[in-house]
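Colleague:
Residue numbers (full-length UniProt numbering): 1 to 232.
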């Protein structure tokens, strides 16, 4: 399940590795950040702020704000991974990214049972892809002066589209996805900044629930006794 994510993470990790080295972060530290932190947007922001000489507290607060969306993703996956032990759930949460969340959400919606080997295979594969991309970019950063002409900055949006399209088979899901995009765009133009994604997610989810209730499905299309899944 992690293969499509790796295809997106390799070029994006490469871009981060190049940016990190050019911002003054040693190559080994850049790779260590990808291994221990595993937060693409947060790492890119941190690299840019380090290069600009920003104070540590500002970097920490910026990352905290950017990654608040993980609260929503964790809450959404919690019922599906409840059969796992507390330790496994903690380890699982450490490797949940936007793309990993999308893959697991789709998998559970299609009737997958909570199995630790399957879940961690996806997470670890994606994580290794991010680390590998970072390593190549960091240690070859001197050879690349600018990653923008390579189009690597489009790797993440392209991967999101590839993950999103299979989830929009139903009209309701498509409407919610379009609404989320419009909400995010409008909020960003209104000056919401990093909060636009979180607020757009809440608004779109509320809209989706309202539309589901109007068609007589207030439990949502994915309520399938998550708590009765077998323990692996």
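Virtual Cβ for every residue (Gly too), placed ideally from N, Cα, C.
Hey, residue 123 and residue 92 are a contact pair by Cβ (cut 8 Å); roughly how many whole angstroms apart?
Modeller: Between residue 92 and residue 123 the Cβ distance is about 7 Å, and since that is below 8 Å, they are a contact.
Colleague: Among 168, 173, 199 and 191, which one has its Cα closest to the Cα of residue 183?
Modeller: Residue 183 has its Cα closest to that of 199, out of 168, 173, 199 and 191.
Colleague: Classify residue 56: buried if its beta carbon has 16 or more other beta carbons within 10 angstroms, exposed otherwise.
Modeller: Looking at its Cβ environment, which holds fewer than 16 other Cβ atoms inside 10 Å, residue 56 is exposed.
Colleague: Among the candidates 70, 48 and 38, whose CA atom is the shortest distance from the CA of residue 195?
Modeller: For residue 195, the nearest C-alpha among the options comes from 70.
Colleague: Considering only C-alpha positions, which residue in the set 35, 41 and 48 is nearest to residue 19?
Modeller: Checking every option, the nearest Cα to that of residue 19 belongs to 48.
Colleague: My understanding is that residue 134 touches residue 34, with C-beta atoms under 8 Å, so please give their C-beta distance in whole angstroms.
Modeller: Contact holds; Cβ gap of about 4 Å.
Colleague: Any idea what DSSP makes of residue 4, helix, strand or coil?
Modeller: Helix at residue 4.
Colleague: So what's residue 216 in DSSP terms, helix, strand or just coil?
Modeller: If DSSP states are grouped into helix, strand and coil, residue 216 belongs with coil.
Colleague: Can you find the residues in the same chain that come closer than 6 Å, C-beta to C-beta, to residue 174, ignoring five residues on each side of it along the sequence?
Modeller: The residues are 168.
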